[in-house]
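J.: So the sequences go chain by chain: P and A. Start counting the first sequence at 1; every next residue gets the next number (the numbering used here). Start counting the second sequence at 1; every next residue gets the next number (the numbering used here). The beta-carbon is built from N, C-alpha and C at its ideal position, and this holds for glycine as well.
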Amino acid sequence: MAYNVLIVDDSATMRALIRKVLVISGFDVGEYFEVGNGLEALEVLEHNWVDIILSDLHMPEMDGAGLVQELKKHEMWRHIPVVLITTEARPEVINPFLNLGVQDYIQKPFRPETIREKLSGLLGEARTTDASEIESCDF
Amino acid sequence: MLAKLKAATFEVLETMFYLFPESLEEGEILRSRGPFLRSSVTIAGPQAISISVQVPQSLARKMAANFLGTDEEEISQPEMEDILKETANMLAGSFLSKLEASAAFKLLTPTVQMLAAPEKNKKDPDKRLRFEVEEEVMELFVEKR
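Structure below.
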């Protein structure tokens, strides 16, 4: 089953990296959507079905917290899993987001298999790609 | 404090760039050609500091290529700058995690600038880290804000 993924990050290079990591992770992605902030993410959600959101914390216009708050207000969006991809993993920073309903977080720097494990766990599907295969990928 | 920043540097370069830095001792000379790129991120809080990472453009290009998994020839200047900002951001975030700093310390948006010659920060070598990366020099500076 392919999943539609929305990547929210104000860094185009980080979005490109996440996309590449998803590819080499063997994650079955249907459609990719990429935007630079929370407001743009909401626009994508207005017109498209998204299975999981990977979001940065600090962004202009609307940050990760603002995005999660907006998602929780809408019946259609409140159950979409959100994973934060962030340099900040201190409990004092992350816990408020987990309390808001964010499912999980991935701290940068990260390895490809970390993303695969988190997404597979959240979407409840066992993946068959061998971890050693991922580690040996030159990306 | 510098030991934790050094550990953060190894972690970020090895995990995200597949680069393996070696520490350079003070006075150890390794020539690098300019121009140079320097990215800085401020850690705001009770004792605000900034962390800067400075590399020759050729190393920035190599880092970007490794980061994105593409050829060096395909890397643009904005990509190099973006990736160096991301590097500074990751270094500072990892550094804060290792310090177990309180939520009062916050990362601000990183900046980047191009320099014709490297800034030396000679006044206080105790607040500087130097690494050899792919036969080029990467320098980190910690400054009070």
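With DSSP as the reference, label P/D56 as helix, strand or coil.
T.: Three-state DSSP puts P/D56 in coil, outside helix and strand.
J.: Name, going along the chain, the residues of the region 90-123 of chain A whose beta-carbon falls closer than 8 Å to a beta-carbon of chain P.
T.: The region 90-123 of chain A vs chain P, Cβ under 8 Å: M90, A92, G93, S94, L96, S97, E100, A101, S102, A103, L107 and T109.
J.: Go ahead and pull the three-state DSSP assignment for P/G26.
T.: Correct three-state label for P/G26: coil.
J.: Nearest-angstrom Cα distance between P/I85 and A/M16?
T.: So the two alpha carbons sit approximately 14 Å from each other.
J.: For a test of the three-state rule: what should DSSP assign to A/E72, helix, strand or coil?
T.: It is helical.
J.: Would you say P/I7 and P/R15 are within 8 Å of each other, going by their C-beta atoms?
T.: Yes.
J.: Using beta carbons (cut-off 8 Å, strictly below), is P/A89 in contact with chain B?
T.: Absent from the structure: chain B. Protein chains present are P and A.
J.: Taking 8 Å as the cut-off, decide whether the C-beta atoms of A/E81 and A/V112 are in contact.
T.: In contact: A/E81 and A/V112 (Cβ atoms closer than 8 Å).
J.: Taking the alpha carbon of P/R90 as the reference point, which residue from P/N4, P/A2 and P/K108 has its own alpha carbon closest?
T.: P/R90 has its Cα closest to that of P/K108, out of P/N4, P/A2 and P/K108.
J.: Starting from A/S94, trace the alpha helix (DSSP H) both ways and give me its first and last residue.
T.: Unbroken alpha helix (DSSP H) run through A/S94: Q77 to L99.
J.: Have a look at P/L54 and A/E22 and give me their C-alpha separation to the nearest angstrom.
T.: Their Cα atoms are separated by approximately 33 Å.
J.: Which two residues bound the contiguous alpha helix (DSSP H) that contains P/E40?
T.: Where P/E40 is concerned, the enclosing alpha helix (DSSP H) stretches over G38 to H47.
J.: CB A/A88 to CB A/V137, shorter than 8 Å?
T.: No, the pair does not count as a contact, with Cβ atoms beyond the cut-off.
J.: Check each residue of the region 5-27 of chain A: if its Cβ is closer than 7 Å to any Cβ of chain P, include it; give the result in chain order.
T.: Flagged, chain order: E11, V12, T15 and M16.
J.: Is the Cβ-Cβ distance between P/L67 and P/R78 less than 8 Å?
T.: No, they are not a contact pair.
J.: Going by other Cβ atoms of all chains shown within 10 Å of its Cβ, with 16 needed for buried, is P/M59 buried or exposed?
T.: Per the 10 Å Cβ criterion, buried.
J.: State buried or exposed for A/P110, treating a residue as buried only when at least 16 other CB atoms are found within 10 Å of its CB.
T.: Answer is buried; the Cβ neighbour count reaches 16.
J.: With distances taken from CA atoms, which of P/V21, P/M76 and P/N37 is nearest P/N48?
T.: Ranking P/V21, P/M76 and P/N37 by Cα distance to P/N48 puts P/M76 first.
J.: Below 8 Å on the Cβ atoms is my contact criterion, and I expect A/S39 with A/L68 to pass it. Report the Cβ-Cβ distance as a whole number of Å.
T.: 17 Å between Cβ atoms; not a contact.
J.: Looking at the structure shown, is A/S32 part of a helix, part of a strand, or coil, going by DSSP?
T.: In the structure shown, A/S32 sits in coil (DSSP, three-state: anything other than H, G, I, E or B).
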